[in-house]
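Numbering (our numbering), first residue to last: 1 to 196.
Beta carbons: idealized from backbone N, C-alpha and C, even for Gly.
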Amino acid sequence: MELVYTNQLDGFEAGKRYRVPGLFRSVERDATAVTVVGDYPEIVTAYEDACVDVEVVALPELVVVGAQAVASGEQSKLLADLQAESGAMVLLIDGLEAGEIHRPDSGELALRLFDVLGTIHASVGELTTERDGLALTVDALRAEVEALKKFALTPPDDETGEISALKAKLDEAKIQYRANASKESLEKLVAELTKE
């Protein structure tokens with residue numbers, strides 16, 4: 001069995017077995033040939049001691065595209081800047097998780113994120129104000145509808161007496177009628193009484 005120790009994520013060849021070098025614990029007995037991609041001397045030594053052919057493939061050098069070469073002193077400054085940026089982002093995220101938003105002291109990305117979050121916060125505030133205003137409007141409209149319903153169901157005071165008089169005549173004649181009968185229907189029933 002041919003084993004390949006690599007961190008690659010694709011481009012696997014049929015017939016070969018792949019292993020992650022960082023997970024190496026011991027020699028696999030069925031291995032007949034081993035390829036190690038990268039610098040893993042403990043894997044190479046273990047298989048050589050087991051008399052298995054080992055091929056070491058060096059990792060290709062990284063090519064930086066679109067950036068200038070960086071001197072070692074500049075690398076330290078760049079690393080410090082990245083660590084500061086990361087720290088500012090962590091502080092901003094920790095604050096957000098706690099329910100507070102505080103402007104970071106440094107970090108270009110953190111400051112940009114803070115500005116965007118501030119805009120979002122303002123928009124949400126405006127929407128909340130609009131929603132609360134609409135809720136008040138809806139409550140006022142509901143109150144008006146209820147008032148109109150009560151008014152529509154309650155006859156005017158001068159009609160109340162007339163309706164009571166009509167109902168009294170019908171009760172006296174032992175004629176049944178609906179409890180919420182309109183004045184017009186009661187008048188018709190009373191008119192039929194006089195015809196008899």
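Item to check | Thr-6 burial status per 10 Å Cβ neighbour count (16 or more: buried) | outcome: Flag for Thr-6 reads buried.
Checklist entry - Under the rule that 16 or more other beta-carbon atoms within 10 Å means buried, what is Ala-88, buried or exposed? => result By the neighbour-count criterion, in which 16 or more other beta carbons inside 10 Å mark a residue as buried, Ala-88 falls on the buried side.
Checklist entry - Considering Asp-53, what are the terminal residues of the alpha helix (DSSP H) in which it resides? => result DSSP places Asp-53 in no alpha helix (DSSP H) but in the uninterrupted beta strand (DSSP E) bounded by 53-57.
Next on the checklist: Measuring straight from C-alpha to C-alpha, what distance separates Ile-120 and Val-138?
Outcome noted: The straight-line gap from Cα to Cα measures roughly 27 Å.
Next on the checklist: Distance check for Val-116 and Lys-150, CA to CA, integer angstroms please.
Outcome noted: A direct Cα-to-Cα measurement between Lys-150 and Val-116 gives close to 51 Å.
Next on the checklist: Three or more C-beta pairs under 8 Å: does that hold for the region 46-54 against the region 18-27?
Outcome noted: A contact is defined here as three or more CB-CB pairs under 8 Å, and the region 46-54 meets this definition with respect to the region 18-27.
Item to check | Of the listed residues Cys-51, Val-56 and Arg-103, nearest to Pro-41 (C-alpha basis) | outcome: Ranked by Cα distance from Pro-41, the options Cys-51, Val-56 and Arg-103 are led by Val-56.
Item to check | Identity of the residue in Lys-167, Lys-174 and Asp-39 nearest Glu-187 by Cα | outcome: Of all alpha-carbon atoms in Lys-167, Lys-174 and Asp-39, the one lying nearest the alpha-carbon of Glu-187 is that of Lys-167.
Next on the checklist: What does the Cβ neighbour count give for Pro-60, buried or exposed, with the cut at 16 atoms within 10 Å?
Outcome noted: Around the Cβ of Pro-60, a 10 Å sphere holds fewer than 16 other Cβ atoms; the residue is exposed.
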